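S.K.: These protein sequence lines are chains A and B, in that order. Here the first sequence is numbered in my numbering, starting from 17 and rising by one per residue. Here the second sequence is numbered in my numbering, starting from 17 and rising by one per residue. Note that CB positions come from ideal geometry on N, CA and C, so glycine has one too. Note that the structure is a prediction, hence the values are computed from the model and not measured.
Protein chains: 2
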Amino acid sequence: MSPTLTTSNGTTHIVNGTKVSTSNDTKPKPAELDASKLIITECKTLKPIPPPEGLVYGKVKTDYMLVTEYEPKTGWSAPEIKPYGPLSLDPASSCLQYCPNVFEGMKAYLGPDGKPRLFRPQINMERLARSIHRAALPSFNTNALLTLIKRLITLESRWIPNLPGYSLYIRPTVIGTRTGLGVAASDSALLYIILSPTGPYFRNEAGGSETISLLAVSEHVRAWPGGTGGHKLGLNYASSFLPQSLATERGYDQILWLLPEPNGERKITEVGAMNFFVAVKREDGDVDIITPSLDGTILPGVTRESCLHLVEAHSSTSNSFLIPGLPATLRLHAIERTVTVSDLENWAVEGNLLEIFCTGTAAIVASIGRIGLDGLSETAAVKNRELVLPESEKMGPIAKGLFEALGAIQTGRLQYDNWSVVCS
Amino acid sequence: MSPTLTTSNGTTHIVNGTKVSTSNDTKPKPAELDASKLIITECKTLKPIPPPEGLVYGKVKTDYMLVTEYEPKTGWSAPEIKPYGPLSLDPASSCLQYCPNVFEGMKAYLGPDGKPRLFRPQINMERLARSIHRAALPSFNTNALLTLIKRLITLESRWIPNLPGYSLYIRPTVIGTRTGLGVAASDSALLYIILSPTGPYFRNEAGGSETISLLAVSEHVRAWPGGTGGHKLGLNYASSFLPQSLATERGYDQILWLLPEPNGERKITEVGAMNFFVAVKREDGDVDIITPSLDGTILPGVTRESCLHLVEAHSSTSNSFLIPGLPATLRLHAIERTVTVSDLENWAVEGNLLEIFCTGTAAIVASIGRIGLDGLSETAAVKNRELVLPESEKMGPIAKGLFEALGAIQTGRLQYDNWSVVCS
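(1) Name the DSSP bridge partner or partners of A:D304?
(2) Pull the bridge partners of B:A232 from the DSSP assignment, please.
(3) Can you tell me the Cβ-Cβ gap for B:L348 and B:L360, rounded? I've got them flagged as a contact below 8 angstroms.
(4) Compute the Euclidean distance between the alpha carbons of A:L272 and A:N291, then round it to the nearest angstrom.
(5) According to DSSP, simplified to helix, strand and coil, what is B:S322?
(6) Short of 8 angstroms in beta carbon distance, which residues of its chain neighbour B:C59, apart from the five on each side in sequence? Order them along the chain.
(7) Once the 5 residues before and after B:M141 are set aside, which same chain residues still bring their CB inside 6 angstroms of it?
(8) Short check: CB of B:V355 to CB of B:T307, under 9 angstroms?
(9) Thinking C-beta only, is B:L326 closer than 9 angstroms to B:E352?
(10) Return no unless some Cβ of chain A is closer than 9 angstroms to the Cβ of B:V237.
(11) Using a Cβ cut-off of 9 angstroms, which residues of the stretch 277 to 298 of chain B contact any Cβ in chain A, in chain order?
(12) Locate the alpha helix (DSSP H) running through A:A419, then write down its first and last residues.
(13) Since B:L105 and A:P102 should fall inside the 8 angstroms C-beta cutoff, what is the C-beta to C-beta distance between them, to a whole number of angstroms?
(14) Whose Cβ in chain B lies nearer than 9 angstroms to the Cβ of A:N140?
(15) In the stretch 111 to 123 of chain B, which residues sit with their C-beta less than 8 angstroms from some C-beta in chain A, listed in chain order?
(16) Evaluate A:S18 with the Cβ neighbour count: other Cβ atoms within 10 Å of its Cβ, from every protein chain shown; 16 or more gives buried, anything less gives exposed.
(17) Could you round the C-beta distance between B:R174 and B:V437 to whole angstroms and report it? I think they count as a contact, below 8 angstroms.
(18) Count the other CB atoms within 10 Å of the CB of A:P66; is the residue buried (16 or more) or exposed (fewer)?
(19) Does the beta-carbon distance from B:E96 to B:V76 come in below 9 angstroms?
(20) Helix, strand or coil: how does DSSP classify A:W92 here?
(21) What did DSSP end up calling A:A364 once you bin it into helix, strand or coil?
(22) Does the beta carbon of A:A108 sit closer than 9 angstroms to a beta carbon anywhere in chain B?
(23) Please classify B:D69: does DSSP put it in a helix, a strand, or coil?
(24) Is B:E87 helix, strand or coil when you go by DSSP?
(25) Measuring CB to CB, does A:R446 end up less than 9 angstroms from B:S255?
(26) Assign B:T28 to buried or exposed, taking buried as 16 or more other Cβ atoms, counted over all protein chains shown, within 10 Å of its Cβ.
(27) Out of A:A344, A:E172, A:I210 and A:K416, state which residue places its alpha-carbon closest to the alpha-carbon of B:L112.
(28) Counting only beta-carbon atoms, is B:T356 nearer than 9 angstroms to chain A?
(29) Compare the Cα-Cα distances from B:E139 to each of B:E321, B:T170, B:A424 and B:D433 and report the closest residue.
(30) Return the residue from the list A:G385, A:P406 and A:A378 that minimises the CA-CA distance to A:L184.
(31) Shorter than 9 angstroms from the beta carbon of A:A263 to some beta carbon of chain B?
(32) Since B:P213 meets chain A, which of its residues come closer than 7 angstroms, beta carbon to beta carbon?
(33) In the DSSP output, what is B:S104 paired with across the bridge?
(34) Could you give the residue range of the alpha helix (DSSP H) that holds B:K166?
(35) Rounded to whole angstroms, what is the Cα-Cα separation between A:T427 and A:T345?
(36) Between B:I306 and chain A, is the shortest Cβ-Cβ distance under 9 angstroms, so that the two count as touching?
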């Protein structure tokens, strides 16, 4: 079932091959989200911009936010850009009680021309529309939202740090605001966008490890068939907090999420809040870049899709694009399939396991150095059986090349299709 | 791992058999939740009380709410009873972004002596402590919370409708208020309690059906082994909104949640937001009252546990308690086990399927009249294969007896152990 992107009281008929919309004239149609109705309320004073080097991910907010409300009778209100500040919410609001909350993660980058750029924003808009449908929230025209995001970014462009690896994080959020306690879909909503200047997601000590460590966990399961793991719903995240703290206690940076299979295998789904990739040497010398298939338990990440695409482009006959640092003669194959913990162990034993990395909007690409294989069953005092990657402290060449390629495209230093979209 | 109910900077040692707490004197200990610090801010004018017959579940709120905040340095603030009104929340708050939100559902009933009563509140407090732990929220002393609930109910007792089947619904809620966008546990929180006068959850037309209908759904799965279905987290609920609307379109009241098993069987987990029960006639003439085991996918409902207990009590040798309307000679057996859709079909074919009902704080006990067996695969236009109960329009005698027994105990008309607790 495809998401409905517009709200309508009317019905659509096919008359002589032409779509005719018949609305009930006695009921006014709820208003669509309309970027042309934008109201801007200016801040009296602007905040000082903190030095980028000290930024903690997602802590500092910019001067403005964008807000629009949906009510069933009136539809979407005129969007407003106004000073960043608290929301006023009824304590019975659905967003606090039953969590029909969705969000997107995007970034604005400063190009060499000084213009702010978005990275493949249309994919975020399409995913947001699917999330909205899954959470049964009021739908809206995502083209209008994208126009509003560009307008907000243009207004706030002084907040984009002009430093490699830094950007302005964009968090479009939609929350259910129905105030009845009966368990039912929220027929009212608040859509807002907030911005936060941000640097590298994982900060390592100077001269320290370039990689992160994972603990493979199957005692807690992030997502399952028939669940919501394939959508960007806020409710997918809080269940990770407890296992994440247990992994931290045991000395691991993030969780490798597993789904136990009926045959006893432990299927790999995601890493923390990122997609999982493994690079495996083949008998013919080529390299398979493997990521779990989008079976409904995996978030269809924009960076995931972009990495698969760039891997294919590197090995295409035209050779018009090469992943930085990798030889043109190295053939890479992008593969979506099931990956289990046993697969990793077997590839390691055979000497074919080259790299493991993960991708996401926040971290872009992060290399994995080691994986604790025994989950939470071992106490922190007992050493977990570990899979240690060949270069466990350094970012692998494939991960590093993808990271650099994406950074070049995102900041407009490298033109690639229409992936980088200037805000104007 | 058992939940930590108190927050402490110190460590606890056993010295000569006595627990001694050693706190770090340089850091002040965050304050515990302390009911004796209660502040009451009175309303200037009180709301008029609407006629109970027109109440929609969870819509009307009373005059007051109770609020207390947790900050890592200072701990729990002095709890405050103040006029019901909106919360002020940062747009980046964890509760809106990642959903570490938990709640409880309880009710206050008016006894024949005019005093408000709670039903087994200690079970709610224990479950809340487990939910708080699972959502990695700051913990608190639930005895202090129960004292505060009783104080709020006493203040608001004029809102408890004095009508059979009516009560004052109590919604303790804890939400994460951390404002960083990094995916991490919320180290700050807001705890609040709101109240709503309420009548029967399912309203039927006068003279209409006393039962509800279910659509058995396995395309969407509510809970999974290793997931959070066994805890009362807000994030378990929003994923039901879309499938519920599809079930409504197909003419069914609620969803019968299924978990597909590796062997192809469809295991029954819950009904909507309620626990599932089936009454099956045995060869020896006794009746098994069966509900799914608490395997981590099932919410340990207070009404569920109470029904299992009353079923056992009815058949105990002392015969000091009988379920109203059931003969003393009828032997009932409370059984927790796996139940599949095939089990229901087989029992129906054999003529042994007596009743299906569901239990929860809101509805107490609701009888099921029919179950659509083919899930969402059929379109609304095609008739679903249905399992129709022998008395499909009337509440079955076992469900009705349990409903009446619970009502009598909850309102203090029947003394049963210490299940009904007077607020004073």
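M.R.: Walking through what the data contain:
(1) In the DSSP output, where bridge partners are listed per residue, A:D304 has A:V296 and A:H349.
(2) B:L272
(3) B:L348 to B:L360, Cβ: 19 angstroms. No contact.
(4) Each residue's Cα considered, the two are about 10 angstroms apart.
(5) helix
(6) If the five residues before and after B:C59 are omitted, its C-beta is found closer than 8 angstroms to the C-beta atoms of D79, Y80 and P99, all from its own chain and listed in chain order.
(7) T158 and L162
(8) Yes.
(9) no
(10) yes
(11) E277, P278, N279, G288 and A289
(12) One point to set straight first is that residue 419 of chain A is Phe, not Ala, in the sequence displayed. Unbroken alpha helix (DSSP H) run through A:F419: P413 to Q426.
(13) 6 angstroms
(14) The premise fails here: A:N140 is roughly 16 angstroms from chain B at the closest Cβ pair, so nothing lies under 9 angstroms.
(15) C111, L112, Q113, Y114, C115, P116, N117 and F119
(16) Note that A:S18 scores 34 on pLDDT, short of 50, meaning its location in the model is unreliable; the coordinates nonetheless yield the value given after this. A:S18 is exposed by the Cβ-count criterion.
(17) Between B:V437 and B:R174 the Cβ distance is about 20 angstroms, and since that is not below 8 angstroms, they are no contact.
(18) exposed
(19) With respect to the 9 angstroms criterion, B:E96 and B:V76 are not classified as neighbours on the basis of their beta carbons.
(20) strand
(21) helix
(22) Judged by the 9 angstroms Cβ criterion, A:A108 is in contact with chain B.
(23) Residue identity check: residue 69 of chain B is Glu in the sequence provided, not Asp. Of the three classes helix, strand and coil, the one that applies to B:E69 here is helix, per DSSP.
(24) strand
(25) The requested residue 446 of chain A does not occur in the structure, where chain A is confined to residues 17 to 440.
(26) Caution is warranted here: a pLDDT of 31 is assigned to B:T28, below 50, making its placement in the model unreliable, and the coordinate value is therefore given only provisionally. Counting the other CB atoms within 10 Å of its CB gives B:T28 a total below 16, which places it among the exposed residues.
(27) A:I210
(28) no
(29) The question names Glu, yet the displayed sequence has Ile at residue 139 of chain B. Of the candidates B:E321, B:T170, B:A424 and B:D433, the residue whose Cα lies closest to the Cα of B:I139 is B:E321.
(30) Of all alpha-carbon atoms in A:G385, A:P406 and A:A378, the one lying nearest the alpha-carbon of A:L184 is that of A:A378.
(31) no
(32) Within 7 angstroms Cβ-Cβ: nothing; B:P213 doesn't reach chain A, min ~11 angstroms.
(33) Beta-bridge pairing links B:S104 to A:S104.
(34) T158 to L171
(35) So the alpha carbons of these two residues sit roughly 27 angstroms apart.
(36) Answer no: the Cβ-Cβ gap between B:I306 and chain A never drops below 9 angstroms.
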